[in-house]
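Asks: Residue numbers (the working numbering), protein chains in the order written: chain A, 13 to 323; chain B, 2 to 268.
Note that beta-carbon positions come from the ideal geometry of N, C-alpha and C, so glycine has one too.
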Amino acid sequence: MNAETMGTPPAVIATQALTKHYGTVHALNDLTLEIRSGEIFGFLGPNGAGKSTLIRTLLGFLHPTSGSATVLGLDIVADSVEIRRRTGYLPGGIALYDSLSGADALDYLADLQERGSPLREELCERLQMSASVLKRRVRDYSRGMRQKIGVIQALQHDPELAILDEPTEGLDPLMQHAFYNLLEDQRAKGRSLFFSSHVLSEVERICDRVAIIRSGNLMALQDVDELLARRKRTVQLRWRGAAPDLSGVPGLADVKVEGDRLRATLLGDVSGFVRAIASPSLEDLLIEPARLEDAFLEYYAGDDASEEVRG
Amino acid sequence: MNLRLYLQTLRWNQVRLIVILVASVGWGTLMPIVYVQFADLFKSLANTGKFAEQLMNFGSGSLFTLPGALTLGLEHPLAIAFVGIFAVGSTTSAIAGEREGGTLEVLLSRPISRRRLYLTVAATILTLVALVMLALLAGQMLGVAIEGVGNEIQIGQLPLVFLNGVMLWAAFAAFGLAASVSFDRHGPAIGLTLAYLLVNYFLEILGSLWRDVAWSQQYSLFHHFNPGKILIGNADPLDFVILAVAIVIPVAYALVVFPRRDLAAPS
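1) In terms of alpha-carbon separation, which member of B:ALA136, B:TYR220, B:VAL20 and B:ASN48 lies closest to B:LEU244?
2) Is there at least one Cβ from chain B nearer than 8 Å to A:SER318's Cβ?
3) Shortest alpha-carbon distance to A:LEU298 belongs to which of A:PRO256, A:ILE67 and A:ARG245?
4) Under a Cβ-count criterion, where at least 16 other Cβ atoms within 10 Å of its own Cβ denotes burial, should A:TYR34 be classed as buried or exposed?
5) Say whether chain A places a C-beta atom closer than 8 Å to the C-beta of B:LEU6.
6) Please confirm if B:GLY102 has its CB atom under 8 Å from at least one CB of chain A.
7) Verify the contact flag: B:LYS44, CB atom, against every heavy atom of the ligand ADP, threshold strictly below 7 Å.
8) Name the DSSP beta bridge partners of A:ASP177, please?
9) Quick one: grab the DSSP three-state call for B:GLN15.
10) My understanding is that B:ILE21 touches B:VAL133, with C-beta atoms under 8 Å, so please give their C-beta distance in whole angstroms.
11) For B:VAL258, return the contacting residues in chain A, with the cut-off set at a CB-CB distance below 9 Å.
12) Kindly indicate if chain B contains any beta-carbon less than 8 Å away from that of A:LEU71.
13) Comparing C-alpha positions only, which one of B:THR66, B:ASN48, B:LEU46 and B:ARG12 sits nearest to B:MET32?
14) Which whole runs of the alpha helix (DSSP H) in the segment 40 to 96 of chain B are 4 residues long or more, in chain order?
15) Strictly under 8 Å for the Cβ-Cβ distance: is A:ARG97 near chain B by that measure?
16) Write down the C-beta distance between A:LEU278 and A:LEU264 rounded to the nearest angstrom, noting that I regard them as a contact closer than 8 Å.
17) Considering only the alpha carbon of each residue, which of A:ARG98, A:LEU45 and A:ALA107 lies closest to A:SER129?
18) Give the list of continuous alpha helix (DSSP H) stretches no shorter than 4 residues that lie fully inside the segment 220 to 267 of chain A.
19) On the DSSP bridge list, what partners appear for A:GLY54?
20) Just the C-alpha distance for A:ASP220 and B:TYR197, rounded to the nearest angstrom, thanks.
21) Is it true that the CB of B:GLY144 sits closer than 8 Å to the CB of B:ILE34?
22) Report the three-state DSSP secondary structure of A:TYR34 (helix, strand or coil).
23) Would you say A:HIS75 reaches chain B, if we count a Cβ-Cβ gap shorter than 8 Å as a contact?
24) Run through chain A and tell me which residues come within less than 9 Å of B:ILE113, C-beta to C-beta.
25) According to DSSP, is A:THR99 helix, strand or coil?
26) How many angstroms separate the CA atom of A:GLU196 from the CA atom of A:ILE218?
27) Under 8 Å, do A:GLU178 and A:SER208 count as touching if we go by C-beta distance?
28) What does A:GLY104 touch in chain C if you count any residue whose Cβ is under 8 Å from its own?
29) Does the segment 111 to 127 of chain A come close enough to the segment 118 to 125 of chain B that 3 or more CB-CB pairs lie under 8 Å?
30) Residues in its own chain within less than 8 Å of B:GLY103 by CB, not counting five upstream and five downstream?
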């Protein structure tokens, strides 16, 4: 019985002890992970952690030192061309042919893809690339406009799997929002999306699962919700009169009382905590949501690389 | 071969191709005219003994005969610049230039194998080189017709001259492409290919000017491009074999090395 008949979506990307070394530099070490069909998968790590190395290995730009991987069930070494036919790829910091107009660049890349461009019109509309903008030469585009062309070329042929390397780089907040909606719609259509990022807030917002990589090693691979549920939240409250008795509240720790204010961390279910503080003397309450950034920083504790990650 | 990529690469070269084709026809036309106008003068100068005869030669060409003049026209630095723009400039920028500019990444994310990309680029360059060679020869035949000296050469040998010329430049283009697939930046690729071209050229010219080192010409690819000999019916099959070997070796190298190379993210 295969994975699909058992109810688990099939893997669109599966790596088995995938390793890539450049001489003494270990860019990827024994990386084993599975990305399922129909999910948005975030691949997190600061610059130099190995995110792009994995993407480039999956697409045949790099040859694995050892281990194996499949994309859409196809071997990354033997079937690289077929993999690229069925996927869409947005390289980090995409370079385009400056002498072409935006429309010509998209036409050219669609022709080379050999699958038409059924989503072009919709993508251009949603990313606000009007016909007049597309007529201009790429050399006259701003960074954000180039990035939008990059997103469109990666998705215009409606690929089964899109691999996006830092896709929101250069997009303004409005376009980032449009882009997130786009990804969610693609997911709703059953498409799979794999994207690398060091912008934790966007990964937290749209990804179903996330992998955290550090120096080529997989540090975590979890559902985003699960990862957050296992994080400590910060709670703050203020009251009038006597302080509430919080002894025995499960998961509460690091309690600090300053006058009429209390600050603590809370792990797990909040209901016990809420019941314990329920009182007419309670004046204010703040429960900060668990953040992916905290989880991420924990994996990178003591590593300078964490400074490159943006919340 | 990928037809779309082939046509687009041709399109990117179309402006300079048109300019070079016009210039090539013009330059080709000039050589028979120069020959008719100045051959006697050069011969009399040579007969005075005041000039060493070899100083009136240039590579395998000279101005004493029409075949020699045609050879000189095709080996002249100007003709080399015309063809070299594509055989050296376009080849080295085709892969290494795209890699340096980051567009190779976008190209190779399409369903195109590296071997197919290489062969498509090679076919495009071969087309460009063949067109320039054709324009040079067309110009020369125009000049021959204008001066009415067609009886001094075997015009039926022209296809062989064309083949010989295309093979010479295909050899340099193959070297340029081999360099192009080996480097991440355009600079080293064009530098190495130019050095290869210049060394070959130097050996050919040096041997023609200085009899004591005439042996050096044997080691120059230019020496195996000899329209003068072909046009009087003395084509040497060995010239074609040597040029074929000079094409096959870098092509084989590129076809083996390029697909195996790791293409790390552009820095």
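Replies: Answer, in terms of the structure:
1) On the second sequence, residue 244 of chain B is found 243 positions in, with the first residue counted as 1. Out of B:ALA136, B:TYR220, B:VAL20 and B:ASN48, B:TYR220 has the C-alpha closest to the C-alpha of B:LEU244.
2) On the first sequence, residue 318 of chain A is found 306 positions in, with the first residue counted as 1. Summary for A:SER318: the model assigns pLDDT 42, below 50, so the residue's position carries little reliability, and this model does not support an answer.
3) Taking the first residue of the first sequence as position 1, residue 298 of chain A is located at position 286. Taking the Cα of A:LEU298 as reference, the smallest distance to any Cα among A:PRO256, A:ILE67 and A:ARG245 is reached at A:ARG245.
4) Position 22 of the first sequence, counted from the first residue, corresponds to residue 34 of chain A. That one is exposed.
5) Numbered from its first residue, the second sequence carries residue 6 of chain B at position 5. Chain A, which has a Cβ nearer than 8 Å to the Cβ of B:LEU6, makes this yes.
6) Here residue 102 of chain B corresponds to residue number 101 of the second sequence, with the count starting at 1. Interface residue (Cβ-Cβ distance to chain A less than 8 Å): B:GLY102 is classified as such.
7) Absence of the ligand ADP is noted for the structure shown, with no ligands found whatsoever.
8) The residue given as residue 177 of chain A occupies position 165 in the first sequence. When beta bridges are read from the DSSP output, A:ASP177 appears opposite A:SER208.
9) As a working note, residue 15 of chain B is residue 14 in the second sequence. B:GLN15: helix per DSSP, three-state reduction.
10) In the second sequence, residue 21 of chain B corresponds to position 20, counting from 1. In the second sequence, residue 133 of chain B corresponds to position 132, counting from 1. Contact between B:ILE21 and B:VAL133 is confirmed by a C-beta separation of about 6 Å, below the 8 Å threshold.
11) On the second sequence, position 257 is the one that residue 258 of chain B refers to. Within chain A, no residue comes near B:VAL258; the closest Cβ sits about 13 Å away, beyond 9 Å.
12) For the purposes of this step, residue 71 of chain A is identified with residue 59 of the first sequence, where counting begins at 1. So yes, A:LEU71 belongs to the interface.
13) What you label residue 32 of chain B is simply residue 31 of the second sequence in a count that begins at 1. Taking only the C-alpha atoms, the option nearest B:MET32 is B:THR66.
14) Counting only runs that start and end inside the segment 40 to 96 of chain B, the alpha helix (DSSP H) elements of at least 4 residues fall at 67 to 76 and 78 to 85.
15) The residue you call residue 97 of chain A lines up with position 85 of the first sequence. Output row for A:ARG97: interface = yes.
16) What you label residue 278 of chain A is simply residue 266 of the first sequence in a count that begins at 1. What you label residue 264 of chain A is simply residue 252 of the first sequence in a count that begins at 1. Sure, about 5 Å apart at Cβ, within 8 Å.
17) Within the first sequence, numbered from 1, the residue matching residue 129 of chain A stands at position 117. Among A:ARG98, A:LEU45 and A:ALA107, the Cα nearest to that of A:SER129 is on A:ARG98.
18) Segments of the alpha helix (DSSP H) lying fully in the segment 220 to 267 of chain A: 236 to 241.
19) Taking the first sequence and counting its residues from 1, the one referred to as residue 54 of chain A is at position 42. Answer is A:PHE207 and A:VAL222, bridged to A:GLY54.
20) Taking the first sequence and counting its residues from 1, one reaches residue 220 of chain A at position 208. Taking the second sequence and counting its residues from 1, one reaches residue 197 of chain B at position 196. Each residue's alpha carbon lies about 55 Å from the other.
21) Residue mapping note: residue 34 of chain B aligns to position 33 of the second sequence, counting from 1. Residue mapping note: residue 144 of chain B aligns to position 143 of the second sequence, counting from 1. It is a contact, given that the beta carbons lie within the stated cut-off.
22) Mapped onto the first sequence, residue 34 of chain A falls at position 22. Strand at A:TYR34.
23) What you label residue 75 of chain A is simply residue 63 of the first sequence in a count that begins at 1. Yes - at least one Cβ of chain B is within 8 Å of the one on A:HIS75.
24) If you number the second sequence from 1, residue 113 of chain B lands on position 112. Within chain A, the C-beta atoms nearer than 9 Å to that of B:ILE113 come from VAL93, ARG96 and LEU124, in chain order.
25) Taking the first sequence and counting its residues from 1, the one referred to as residue 99 of chain A is at position 87. If DSSP states are grouped into helix, strand and coil, A:THR99 belongs with the strands.
26) Walking along the first sequence from the start, residue 196 of chain A turns up at place 184. Walking along the first sequence from the start, residue 218 of chain A turns up at place 206. One alpha carbon belongs to A:GLU196, the other to A:ILE218, and they sit about 7 Å apart.
27) Locating residue 178 of chain A in the first sequence gives position 166, counting from the first residue. Locating residue 208 of chain A in the first sequence gives position 196, counting from the first residue. With respect to A:SER208, A:GLU178 sits close: the two C-beta atoms are nearer than 8 Å.
28) Checking the listed chains, one finds no chain C in this structure; the protein chains it contains are A and B.
29) Contact between the segment 118 to 125 of chain B and the segment 111 to 127 of chain A is absent, because fewer than three Cβ pairs lie under 8 Å.
30) In the second sequence, the residue the question calls residue 103 of chain B occupies position 102. Listed in chain order, the non-local C-beta contacts of B:GLY103 below 8 Å within the same chain comprise PRO267, local neighbours out to five positions each way being set aside.
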